[in-house]
Amino acid sequence: MLSEDLTVMAQKRREEEQSFSQQILVCVAAGCISAGSLELLRAIKETISGKGLQHVQVKGVGCMGPCDNGPVIRVEPHAVVYRGLRPFHIQAHLEAILNGDSLNDPAITYIPTRACQVENASTASLITFLTRQHRIVLENSGIIDPEDLADYLARDGYSALYRVLFELSPNEVIEWVTQSGLRGRGGAGYPTGLKWRTVAKAGGGTKFVVCNADEGDPGAFMDRSVLESDPHRVIEGMCIASYAVGAHEGFVYIRAEYPLAIERLQKAIRQAERAGLLGKGILGSRHDFHLEIRYGAGAYVCGEETALLASIEGKRGQPRPKPPYPAERGLWGASTLINNVETFANIPVIFRKGPEALSSIGTQTSKGTKVFALTGCIRNSGLIEVPMGITLREIVFEMGGGVPTGQFKAVQTGGPSGGAIPAQYLDMPVDYESLAQLGSIMGSGGMIVMDSSASMVEVAKFFMDFSVSESCGKCVPCRVGTVHLCNLLNRFLARQASYEDLNRLEWLCDLIKNTSLCGLGQSAPNPVLSALRYFRPEFEALIGG
Amino acid sequence: MERLQDQQEDLRWKAVQREMARYGNAPHALIQVLHVIQNTYGYLSREYMARVAKSMRVSLSRVYGVATFYHHFKLTPMGRNTCTVCTGTACFIKGGEGILRAVEAEYGIQVGQSTPDRSLTLLTARCLGACSLAPVAVVNNQVLPNLTLESLKAHLREVTKDAQ
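Listed in order, the protein sequences are those of chains A and B. Here my numbering is used: position 43 in the first sequence is 52, and no number is missing along the way. Here my numbering is used: position 24 in the second sequence is 290, and no number is missing along the way.
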């Protein structure tokens, strides 16, 4: 239970929702907005009110997942999803849409998610895409209005915070997080409970909680989507963390390339402050927590935690050696807890449903779910949340619907720090250890599918170009080594490479991996190494004179 | 006319001062302040960097060091229109690279440059996070999804024509 007025607010919203017998939910996350969802939302609202249909609620909501061919809308209670509707469709088709019927228009995707027997294979795979998911982090995405606190409260929002503040000691909070088995979702997979414990134990006065929303991996948009669809969830998670570790100030470090996520988060912070969910004496307890936003300015290396801290301090985002870890010495020398957006977004559910909500899902070592951005040469691309331990085959072929050209070649995980996984390993479970064993990493959740037209040498070169431009220049192996790797790859692409170059490539990768200062440099050679491991003949074929 | 410009100039600089004041002119707010300057003036001129250094009591070399470290900050004025082509992985796989090269050839400029008449500046982004809609570009804050070379060229012709 929350304080009285918030409980009333939640109750009122639930009653309001119940007064409608039908809902049309229109995605207003960045992807669908670029496809014209705001115009569509307006057209639907106007038509509904023009016809005086008071039993129909029309609402802008966050991301529903199947982002290609937007805008995406969902009609309840039929649980039918339409994609590709334009404002001019509405007048003519409103009745069919409200009935959840197919519109028989090839430009519009019709996905009846509850249908048992579907003949059309592509519709069937889209249904699998939507129904095979296990939504924890995204449980409110596509359901609530991201700009309305009451909507979040009506779905038990902030009840986890209330429970934490009034029923649990900081120590118990950390114990619950540990029991849930949650590991960092930013890529490295460090146990979250352990990290919290270290910060909680650190002596000294001031401490900070920092949320890493500098989603710099090309091909990844999970954090953007969470912040655009359910920003209060991240605030609640951070607030719980601040109570557990004893911090009273926090920052969300978010990349400037995500203006809509920034706007929604800013709005959510202001709403939370006004409702007494942030600031002094939260919900009438004795816990204070102030939250501010800091913008990134386009530097991939700022995803590395020490570089991120330097950037919050207004400096060039260059990493420093660890230890000391930020948990011991972070922002302005104070003990600092840094977690990723998705990690914080997992927290509230632990305290609403208990640690088993996560620990009962997944594999021995990787618990809970993971959000992936599935893109590239794939039929159904978009955002999915799946239980850990699901196989790559299920993701790519059952949910993703396979490769349009029919010839799957590899799936790239972990962005410029990860590697490409070839077809023979499609049955490997997706968890931290299995992916590392294959020479890739879980990463933040980008999953890019490549078909047979992709040259793995070119892909390796693409990632190397990225690392050259994003290397901060502080340590020599990364600054100079990545340039040499690029030059070597260019020799292959120009068919001027020799066998000696192949050896040199491996030697140099090994050197950069083992001697670079930070995670960016240490993982920069991964795309080249994985290409060499699985697609060596492609390099050999390019060896010329 | 000149007075009007002065007044506008005053207003714009006031926005920058407000941002500095919000953080008590503390040096840690440097990046936030540079964002405001770029949003207000379109780029970071030497003059404004010097003014900020003085107001925030940090060295000009520190301001310049930060401004040049981050890709987002521009040190030269932009054209009347900007086209930012995404070079993320999904866009790369779906042919974004080819589109970028073709725009370069069409307008005779390279990434980071503007056309001589300042009607268009060409930029790239590491990833816009709209990977399901790849390849994408942003023209004057409007995201253009599922691009083809023809659709981007047509859109650019349209906006650069308007500007004249």
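From the three backbone atoms N, C-alpha and C, an ideal C-beta is built for every residue, glycine too.
- Non-local C-beta neighbours of C357(B) in its own chain, meaning closer than 6 Å and more than five positions away in sequence, comprise A400 and P401, ordered along the chain.
- Residues of the stretch 407-428 of chain A with a C-beta atom less than 9 Å from some C-beta of chain B are Q421, G424 and P425, listed in chain order.
- Around the CB of F475(A), 16 or more other CB atoms lie within 10 Å, so the residue is classed as buried.
- Residue burial annotation: A396(B) is buried, with at least 16 other C-beta atoms found within 10 angstroms of its C-beta.
- In this chain, the alpha helix (DSSP H) harbouring Q188(A) covers P179 to S189.
- Taken through DSSP and simplified to helix, strand or coil, K280(B) comes out as helix.
- Contacts between C76(A) and chain B, judged by CB atoms closer than 9 Å, involve A396, C397, S398 and L399 in chain order.
- Contact between the stretch 353-373 of chain B and the stretch 193-211 of chain A is not established, with fewer than three Cβ pairs separated by less than 8 Å.
- In the pairwise beta carbon analysis, the stretch 536-547 of chain A is classified as touching the stretch 497-516 of chain A: at least three pairs are separated by under 8 Å.
- Contact check for F339(B) against A306(A) passes: the beta carbons are separated by less than 8 Å.
- Our two residues, G214(A) and A281(B), have alpha carbons roughly 35 Å apart in a direct line.
- The beta carbon of Y289(B) sits closer than 6 Å to those of A295, all from its chain and outside the five residues before and after it, given in chain order.
- By the Cβ neighbour-count rule, V17(A) is exposed, with fewer than 16 other Cβ atoms within 10 Å of its own.
- The shortest CA-to-CA distance from F260(A) to any of M437(A), S449(A), L318(A) and N108(A) is the one to L318(A).
- For secondary structure counted as the alpha helix (DSSP H) over 4 or more consecutive residues, the stretch 349-407 of chain A holds these complete runs in sequence order: 350-362 and 365-368.
- Rounded to whole angstroms, the gap between the alpha carbons of G398(A) and A550(A) is 36 Å.
- Within the stretch 361-374 of chain B, the residues whose Cβ lies closer than 9 Å to any Cβ of chain A are, in chain order, E363.
- Cβ neighbours of A277(A) within its own chain (closer than 7 Å, five residues either side excluded): P240, H241 and I244.
- Along the stretch 322-350 of chain B, the positions whose C-beta sits under 7 Å from a C-beta of chain A are G331, V332, F335, Y336, H337, H338 and F339, read in chain order.
- Spanning the alpha carbons of C484(A) and A44(A) requires a straight line of approximately 43 Å.
- S28(A) sits in coil when the DSSP states are folded into three classes, being neither helix nor strand.
- For E363(B), the enclosing alpha helix (DSSP H) begins and ends at G362 to Y373.
- Around the beta carbon of T118(A), 16 or more other beta carbons sit within 10 angstroms, so the residue counts as buried.
- In chain order, G331, V332 and F335 make up the part of chain B whose C-beta sits under 7 Å from the C-beta of R325(A).
- Listed along the chain, the chain A residues whose CB falls inside 7 Å of the CB of L413(B) amount to none; the nearest CB is some 11 Å away.
- Looking at E148(A), R22(A) and R488(A), the one whose alpha-carbon comes closest to that of V477(A) is R488(A).
- In the structure shown, the three-state DSSP call for F339(B) is coil.
- Look at T387(B): its C-beta is not under 8 Å from any C-beta on chain A.
- Taking the Cβ atoms as the reference, G193(A) lies roughly 6 Å from N349(A), within the contact range of under 8 Å.
- For K68(A), the closest alpha carbon among the candidates G59(A), K54(A), F471(A) and G528(A) is that of K54(A).
- Pairing M459(A) with L498(A) gives a Cβ-Cβ distance that is not under 8 Å.
- With contact defined as three or more Cβ pairs closer than 8 Å, the stretch 363-380 of chain A and the stretch 255-271 of chain A are not in contact.
- Per DSSP, the beta-bridge partners of K68(A) are L34(A).
- Residues of chain B with a Cβ closer than 9 Å to the Cβ of Y441(A) do not exist; the shortest Cβ-Cβ separation is about 21 Å.
- In terms of Cβ geometry, V466(A) and L502(A) form a close pair [threshold 8 Å].
- Here L388(B) carries a strand assignment [DSSP, helix/strand/coil].
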